[in-house]
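Quick notes on the structure that follows.
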Amino acid sequence: MTVSRRPLIAGNWKMNGCGESGMDLARQLAERMKGRDHHPFDMLVCPPFTMLSRVGEAVAGSGILLGAQDCHHQPAGAYTGNVSAAMLADVGCAYVIVGHSERRAQHGETDAVVKAKAEAAHIAGLIAIVCIGETEAERNAGNTLKVIKDQLAGSLPSSMRAVNTVIAYEPVWAIGTGRTPTNDEVEQVHACIRDRLTDDFGEAEAQATRLLYGGSMNAENAGELRALPDVDGGLVGGAGLKAETFWAICEA
Ligand code: PGA
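Using my numbering, the letters of the sequence shown correspond one by one to residues 8 to 259.
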């Protein structure tokens, strides 16, 4: 079965883009998108929480989608400093990233937490971008596919469908380092992810689910990565902070 999947290029701004610098980036991307009648891809920007409303206004009407970088797994309550998925939907988000390796490593988020967050996103009507990826030690030990399968099994809720979930494969050692796996290595992992989705959710859902690559994606390597059969776009950090480079990745 072959299904055409609409490419998605997502910019993860992380803790960057305060005030005017973030607004500038949003406006420049909106300008570029508005100059085109038809886009063969979806563009998503994920600014910090504090910028969501303003960036949402700046990109309104451009076709650019809005997403957040995290959400809490509960809908509301005594969770000081946290933001619920419903709150993100309320400010215009369509997407939320969950389980980014920086959240897993810096905030101790386990697969179970990531799964609860993805489920909360689904309940709020958001599309969850579920991140998975091996560390360098895991890769060197030859455990990449095992780690990927375990993370998938632990992080995807039963509410997972192609319409409400995107999976981002981000090797931890490739994030922000300028290093990437070979194209063959990326395709091997993506094909493995699609096989697991087929086993767990059926062929139709697996074929329709978009799988993103993330980790030092840039204007130079984006074209080759995008051309791999099971890569449906990218989750871009550093190169997503400048309109020219992010746009070049979208065009690749
Ligand atoms: P990078 O980050 O593109 O800067 O490597 C990707 C990510 O963390 O999502």
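Glycine included, each C-beta is placed from N, C-alpha and C at the ideal position. Predicted model, so just to flag it, every value in this text is computed and none were measured.
Taking the continuous beta strand (DSSP E) assigned at MET50, which residues delimit it?
-> In the DSSP assignment, MET50 falls within the beta strand (DSSP E) that extends over 49-53.
For the ligand PGA, which residues count as neighbours when the test is a C-beta closer than 6 Å to any heavy atom?
-> Here the residues close to the ligand PGA, judged by CB distance below 6 Å to any of its heavy atoms, are ASN19, GLU177, ILE182, GLY183, GLY221, GLY222, SER223, MET224, LEU242, VAL243, GLY244, GLY245 and ALA246 in chain order.
Does the ligand PLP have a heavy atom nearer than 6 Å to the CB of ALA127?
-> Of the ligands this structure carries, namely the ligand PGA, none is the ligand PLP.
Spatial neighbours of SER162 in its chain, beta-carbon cut-off 6 Å, leaving aside the 5 residues before and after | Closer than 6 Å at the Cβ level, and outside the excluded window around SER162, lie GLY106, ASP118, VAL121, LYS122 and VAL137.
Among all the DSSP beta bridges, which residues are the ones paired with ARG217?
-> Answer by DSSP bridge pairing, in chain order: VAL173.
Provide the residue(s) that pair with SER162 in DSSP beta bridges, ordered along the chain.
-> SER162 pairs with nothing; no bridge assigned.
Run of the beta strand (DSSP E) containing CYS138, from where it starts to where it stops = It spans 134-139 - the beta strand (DSSP E) in which CYS138 sits, taken as one unbroken run.
List the residues that DSSP assigns as beta-bridge partners of SER91.
-> Within the DSSP secondary-structure output, SER91 pairs in a beta bridge with HIS79.
Delimiting residues of the beta strand (DSSP E) encompassing ILE71 = If you look at ILE71, you'll find it isn't in any beta strand (DSSP E); DSSP assigns it neither H nor E.
Starting from ALA148, trace the alpha helix (DSSP H) both ways and give me its first and last residue.
-> For ALA148, no alpha helix (DSSP H) segment is defined, and its DSSP state is neither H nor E.
Check whether the Cβ atoms of ALA169 and ALA215 sit closer than 7 Å, and answer yes or no.
-> In this structure, ALA169 sits near ALA215, with a CB-CB distance shorter than 7 Å.
The beta strand (DSSP E) spanning ALA128 covers which residue range?
-> In this chain, ALA128 is not harboured by any beta strand (DSSP E); it is covered by the alpha helix (DSSP H) spanning 118-130.
Is the beta carbon of ILE155 sitting closer than 7 Å to the one on ILE139?
-> In this structure, ILE139 lies closer than 7 Å to ILE155 by Cβ.
Just the C-alpha distance for PRO55 and SER11, rounded to the nearest angstrom, thanks.
-> Spanning the alpha carbons of PRO55 and SER11 requires a straight line of approximately 31 Å.
Taking buried to mean at least 16 other C-beta atoms within 10 Å of its own C-beta, is HIS80 buried or exposed?
-> Buried.
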